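First to last, the protein sequences are chains A, B, C and D. So for the first sequence, my numbering puts the first residue at 4; every next one is plus one. So for the second sequence, my numbering puts the first residue at 4; every next one is plus one. So for the third sequence, my numbering puts the first residue at 4; every next one is plus one. So for the fourth sequence, my numbering puts the first residue at 4; every next one is plus one. For each residue, glycine too, the CB sits at the ideal point set by N, CA and C. In this text the structure is predicted, and so the values were computed from the model without any measurement. Accompanying notes for the structure given below.
There are 4 protein chains.
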Amino acid sequence: MDKKIKVIIWNEFVHERENNALGDYIRTIYPDGIHRHLARALAAEDLQITTVTLQDEAQGLPPERLDDTDVLLWWGHCAHDQVEDTLAERIALRVFRGMGLIVLHSGHLSKPFRRLMGTPCRLRWREVGEKERVWGCATGHPIVQGVPESFVLPHSEMYGEPFDLPGDGQVITMSWYEGGNVFRSGMAFQRGSGRIFYFSPGHETYPIYHDPNVLTILGNAIRWATPTVIVPERLTPSPVSVEPIHTANPLASLDTSALHQ
Amino acid sequence: MDKKIKVIIWNEFVHERENNALGDYIRTIYPDGIHRHLARALAAEDLQITTVTLQDEAQGLPPERLDDTDVLLWWGHCAHDQVEDTLAERIALRVFRGMGLIVLHSGHLSKPFRRLMGTPCRLRWREVGEKERVWGCATGHPIVQGVPESFVLPHSEMYGEPFDLPGDGQVITMSWYEGGNVFRSGMAFQRGSGRIFYFSPGHETYPIYHDPNVLTILGNAIRWATPTVIVPERLTPSPVSVEPIHTANPLASLDTSALHQ
Amino acid sequence: MDKKIKVIIWNEFVHERENNALGDYIRTIYPDGIHRHLARALAAEDLQITTVTLQDEAQGLPPERLDDTDVLLWWGHCAHDQVEDTLAERIALRVFRGMGLIVLHSGHLSKPFRRLMGTPCRLRWREVGEKERVWGCATGHPIVQGVPESFVLPHSEMYGEPFDLPGDGQVITMSWYEGGNVFRSGMAFQRGSGRIFYFSPGHETYPIYHDPNVLTILGNAIRWATPTVIVPERLTPSPVSVEPIHTANPLASLDTSALHQ
Amino acid sequence: MDKKIKVIIWNEFVHERENNALGDYIRTIYPDGIHRHLARALAAEDLQITTVTLQDEAQGLPPERLDDTDVLLWWGHCAHDQVEDTLAERIALRVFRGMGLIVLHSGHLSKPFRRLMGTPCRLRWREVGEKERVWGCATGHPIVQGVPESFVLPHSEMYGEPFDLPGDGQVITMSWYEGGNVFRSGMAFQRGSGRIFYFSPGHETYPIYHDPNVLTILGNAIRWATPTVIVPERLTPSPVSVEPIHTANPLASLDTSALHQ
């Protein structure tokens, strides 16, 4: 019961609500938002899934809520700039303390992801409905359990290399595109005690989050990213040494505390 | 002549100017600022060194100046918060395009370094004038050429583990402290086309930047971090595929451009 | 019951059996071998621990036994050369398929570890009974749960940097030595589906494997290294493409099978 | 003059000499061996290129020759097993001391490469003459200077993921195959002081080493892998401490030298 993994799916929730042809089309696939669709599609006995949106109080993640989250899924596309810097910073620190973070598709440019990667996270892209083939490159990794060595998404937005990432990501999946591009489409990172998974397959207007292999990967990623421990806020001063110091302090009589304020 | 490496040493330049006992003491070691001392101590035929400070126009690094810099050295301690976010972002992008960045001592908490690492960059610290011994761990690395396998700093501020860093840094030096601590004191990173070196030895009130081994390491790091190329601003859209796409676009008649704005 | 983690502790078992003063002394600490001592000290409900030695049939690890092992602990010191290359190769492949491997102290030069690291794995060493202080650098990592931020081993053999390792290890612990050295004493690696932990604290003539913090770390490491899956032997040929190939094979009439034998 | 980079191209030189239809065909592309073709195609003012083969004395690399090499290129396919383990070990150590190593195509299974990677280095493969498209993923990296963001090899052998590699390689190029596969086709590693580049494009029966982009990449890789320093054979004992040890050695009267033989 209280052992359930506390999952929050965050959605900027903009395009799905628009009163235009695009919004109409998106609602044929995600009638009440990508977040609610994913919550239903990923529902399981061991998960306690909640959804929040950018429009909610404190942009959906007030401190007490964020501090009660095990794994956060992040969908954003056109409203990255509206996310407050302080929220991105709080998320990054929560990840560093142990929370899992799963960044979806266009979230590669979201503030929390870029904050945690430290890189621009740019990529090449093209939206013409071409075929994507996803390869599991990390055989045996928990995130690709239960999916075939490769599988097809009949229509996808192309996300291609070069992908601006730091060097310590583990390549979990790579994607092949009909139009000739390749991409590290599933990347796992460790930052402090927290695990991060970026997964590019996903879109507003292609029903990619209805694909069973994609859902298996996201479900696996949630379990993989679940913290084993949330570390407390750490201390940094260590004024008393643990071994005896024989060297006399040449500045013992000088007040240098101003250096450390 | 025009082949010289263009080095800028940035200093927040606060403590060295203070009218108090601490400022007086610092000026016995660095009479006109750490930046000017380093510029003199690192002067060499192949380097064109300039110094700038937080007090200068555009905080010392207007775009045209930053865009003409090969290697940037960064000293900051008490004024990290005064550095503009946009400057930190411009520095990070310039590093990504190829510029070298050398982060000194308390710069571990500076905005440019934390921005590039994506981690909190915290560490344990203690200032009691204890002995530090620096070990070159990456034998043969250009940064430790000309320094002994280990050397002593008679008085140093302790910077100790745990040090919050991403996983892909190369350990160039590690430090031993009399008081029982250990630290990855010299860490090399690659971010995009740029190289970053963090080096913890250095202080306002200990004459560490007068130590010949420390200066050798900093000089080596400048050459190591010099860009071989500055990559142009990159493009991200790739609307025309490089291979023929046989799949029909199911959304050819739908205007999805709003997704990409 | 059958969910227990199958642990094998391998010992070359040479020094503990010698009929001389050194052997006599070692037996005051490890009366019937380091392997049997560790088996008792690490005994727990969730572990099914077996011990084997170099003197056993097939050097203790016939294929069917190795293929039934979840986590292998390895102690070797003077008899590394006697381990058959084929055994080291089988162990490396089993690790790649998912088995955990915990390499103890002088095992840094063992064939299985060097085979898996691909590096010489040399280090500096000194045996004068000096004090070692072990620091947990990866706060929140499962391997250091339940141990203090640092702890002391009153007498230890110094193992110091530089340590010849590949670049993708995670620093779990670092050690400080009274004599001025530092060392990455606990290093975690992933190779294929398997996890590897190297831990340097340990010795024949100092009672380090009686230290509760050391035992906590080894016990944690066993659970951390337990496979979630053992991947099957992998295939490499892929003669039938998963996407249609329109390019005519210019060598369709040439028998090139000899290239792949 | 004596500043030229000393390059050795090693070839097992088997298929090019065979008296059969396959050999006849290969000789239409590489009349006197892949090694001699590459030596001509890569010839440049700053390179002193020599070729050796498996059939030469000491398999082409007696110690004095290997110890005089800056960068070694390795072609092998069917004769990997004939390479002596001691030669692979000598090469690995020379790399660790600083020599560059460039491993070509089927050399992924060669003894020196597998020895240095520590992994099985397997991959998926198919030889039907399909199209390969190579993407430069590390914009600005010296190895991809002068080549377009992507380029085509009209006919190639497919080498596909999963590719069994350690986690610290830098992805320099990735390949797209007409038949639906993807591959990290250009991977850079650092081992000790030496640099390693694996590049999969290349084949006996497709004229891939006549492709100007491929040759540009190989030429770039040679310069990139050129050592800045060859480190001397390292010492490991460190019997005299660099800091005073106050702890009495409890085993001062016991001869433990047998532990270190």
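Nearest candidate by alpha-carbon position, reference residue i, set the options
i: MET177(C); options: GLN264(C), SER153(C), LEU104(C) and HIS18(C); result: SER153(C)
i: THR10(D); options: ASP70(D), THR208(D), SER260(D) and PHE202(D); result: Contrary to the premise, residue 10(D) reads as Val rather than Thr in this sequence. The candidate whose alpha carbon is nearest that of VAL10(D) is ASP70(D).
i: THR174(A); options: MET161(A), ILE199(A) and TYR212(A); result: The residue asked about is misnamed: residue 174(A) is Val in this sequence, not Thr. Nearest of MET161(A), ILE199(A) and TYR212(A) to VAL174(A), Cα basis: ILE199(A).
i: VAL234(D); options: ASP73(D), LEU25(D) and ASN23(D); result: ASP73(D)
i: GLU92(C); options: PRO66(D), LEU112(D), PRO123(D) and MET102(D); result: PRO123(D)
i: GLU236(B); options: PHE99(B), PRO34(B) and GLY172(B); result: PHE99(B)
i: GLU67(A); options: ASP214(A), CYS81(A), ILE94(A) and SER241(A); result: ILE94(A)
i: ALA261(C); options: THR208(D), PRO65(D) and LEU254(D); result: THR208(D)
i: GLU17(C); options: PRO240(C), ASP35(C) and ILE8(C); result: The sequence shown places Val at residue 17(C), rather than the Glu named in the question. Per the Cα distances, ASP35(C).
i: VAL265(A); options: ALA82(C), GLU133(C), TRP179(C) and GLY170(C); result: A question about residue 265(A) goes unanswered here, because the residues of chain A that appear run from 4 up to 264.
i: LEU41(D); options: GLY205(D), LEU257(D) and MET190(D); result: GLY205(D)
i: ALA44(C); options: ARG20(C), GLN264(C) and ASP214(C); result: ASP214(C)
Cross-chain neighbours of residue i in chain C, by beta carbon under 7 Å
i: ILE248(D); result: VAL131, GLU133, GLU181 and GLY182
i: HIS111(D); result: Those do not exist, as HIS111(D) stays about 11 Å from chain C at its closest Cβ, beyond 7 Å.
Closer than 8 Å at the beta carbon, the chain D residues around residue i
i: ARG237(B); result: THR142
i: ARG194(C); result: GLY121, THR122 and PRO169
7 Å Cβ cut-off: residues of chain B touching residue i
i: THR231(A); result: Under the 7 Å cutoff, chain B gives no residues; its nearest Cβ is about 17 Å from THR231(A).
i: GLN173(C); result: GLY170
i: ARG125(A); result: ARG237 and THR239
For residue i, the residue or residues it bridges with in DSSP
i: ARG226(D); result: Its beta-bridge partners do not exist; DSSP assigns none.
i: TYR162(B); result: TRP128(B)
i: PRO210(A); result: DSSP output for PRO210(A) lists no bridge partner at all.
i: ASN14(A); result: THR56(A) and TRP78(A)
i: THR176(B); result: GLY139(B) and GLY189(B)
i: PRO240(A); result: TRP128(B)
i: SER153(A); result: TRP138(A)
i: ILE199(C); result: LEU104(C) and PHE192(C)
i: LYS114(D); result: Per DSSP, none; premise fails for LYS114(D).
i: LYS9(D); result: GLN51(D)
i: GLU133(D); result: SER159(D)
Per-residue contacts from residue i into chain A (C-beta, under 9 Å)
i: SER244(B); result: ARG129, VAL131, GLU133, MET161, TYR180, GLU181, GLY182, GLY183 and ASN184
i: PRO145(C); result: THR231 and VAL232
i: GLN148(C); result: THR231 and VAL232
Contact set between residue i and chain D, taken where Cβ atoms lie within less than 7 Å
i: MET190(A); result: Those within 7 Å of MET190(A) in chain D number zero; the least Cβ separation is about 11 Å.
i: HIS108(C); result: The contacting residues do not exist; HIS108(C) stays about 11 Å from chain D at best.
Residue i: contacting residues in chain B (beta-carbon distance under 8 Å)
i: ARG136(D); result: VAL245 and GLU246
i: TYR28(A); result: LEU254 and LEU257
Chain A contact residues for residue i, given Cβ-Cβ distances below 7 Å
i: GLU164(D); result: TRP138, CYS140 and MET177
Cross-chain neighbours of residue i in chain C, by beta carbon under 8 Å
i: LEU25(D); result: LEU257, ASP258, THR259, ALA261 and LEU262
Listed by chain order, chain D residues near residue i by CB distance under 9 Å
i: ARG198(C); result: Result: empty, since nearest Cβ-Cβ is about 12 Å, beyond 9 Å.
i: HIS18(C); result: ALA261 and LEU262
Contacts that residue i makes with chain C (C-beta to C-beta distance below 9 Å)
i: SER153(A); result: VAL245
i: HIS38(D); result: Neighbours of HIS38(D) on chain C: none; closest Cβ ~17 Å, over 9 Å.
Cross-chain neighbours of residue i in chain B, by beta carbon under 9 Å
i: ARG118(A); result: ARG118 and GLY121
Would you list, in sequence order, the uninterrupted alpha helix (DSSP H) runs of no fewer than 4 residues that lie entirely inside the stretch 21-71 of chain D? The qualifying runs are 24-32, 37-44 and 66-69.
What are the residues of the stretch 70-103 of chain D that lie near chain B, defined by any Cβ-Cβ distance shorter than 7 Å? The stretch 70-103 of chain D vs chain B, Cβ under 7 Å: GLY101.
Could you run through the stretch 207-220 of chain D and flag, in chain order, every residue whose CB is less than 9 Å away from some CB of chain C? So the list reads GLU207, THR208 and TYR209, given in the order they occur along the chain.
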